[in-house]
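Sequential numbering of the sequence shown, starting at 590, is according to the numbering used here.
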Amino acid sequence: MNYYKARPEEADKVFSVFSAAIKHMEEDGIHQWDEIYPDLQIISEDINKDQMYIGKIDNKIAVSFVLSEEYDEEYKNGQWQWPNARFCVIHRLCVSPDFQNQGIAANTLNYIENLCKSQGYDFMIKPDIL
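Spelled out as structure tokens, the structure:
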């Protein structure tokens, strides 16, 4: 798989993957995301912030995810064992329905772990994963 940061002109294609995944989840009775979140604007913002990654197989988007240091306010109130550790947060990890059940998410998490280590992070947090 070829991973790289998504480019602005790919926002519509990334959004199409999310839309297909949301439809697939709804059919399976999973109500994690909907037509409101994540929308094209959020995906475009992720790309413009240089935080959205995509992974392609045979020139098709198989997976996308956001990697950033942004986190929900509730995280500040946690009783962390290492409160001064540097961490990154995985947001909106989404595997295209065309590539599900092939180990794509597991392989992507391994890629993310190695990427985080190479960038000097102590931990990664995975709150919003499909």
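The beta carbon of each residue, even a glycine, is placed where N, CA and C say it ideally should be.
| field | 7 Å CB neighbourhood of I650 in its chain, flanking five on each side removed | value | On the sequence shown, residue 650 is found 61 positions in, with the first residue counted as 1. Excluding residues up to 5 positions away in sequence, K602, V603, V606, I643, S685 lie with their Cβ nearer than 7 Å to the Cβ of I650 in the same chain.
| task | Pull up the distance between the alpha-carbon of F712 and that of Q630, whole angstroms please. | result | Your numbering for residue 712 matches position 123 in the sequence shown. Your numbering for residue 630 matches position 41 in the sequence shown. Whole-angstrom Cα-Cα distance: 28 Å.
| field | Simplified DSSP state of K638, which is helix, strand or coil | value | Looking up residue 638 in the sequence shown gives position 49. It is coil, neither helix nor strand.
| Taking 7 Å as the cut-off, is the CB of A695 close to at least one heavy atom of the ligand FAD? | Ligands displayed in this structure: none; no statement on the ligand FAD is therefore possible.
| request: Leaving aside the five residues before and after Y660 along the sequence, list all residues of the same chain whose C-beta is less than 6 Å from its C-beta, in chain order. | output: Residue 660 sits at position 71 when you count from the first residue of the sequence shown. So the qualifying residues of the chain are V678.
| task | Output the distance between the C-alpha atoms of Q640 and I693, rounded to the nearest integer angstrom. | result | Sequence index remark: in the sequence shown, residue 640 carries index 51 (1-based). Sequence index remark: in the sequence shown, residue 693 carries index 104 (1-based). Taken atom to atom, the span from the alpha-carbon of Q640 to that of I693 is near 19 Å.
| Between the C-alpha atoms of I611 and D635, what's the straight-line distance to the nearest angstrom? | To locate residue 611, count along the sequence shown from 1; it is residue 22. To locate residue 635, count along the sequence shown from 1; it is residue 46. Distance between the alpha carbons of I611 and D635 is about 18 Å.
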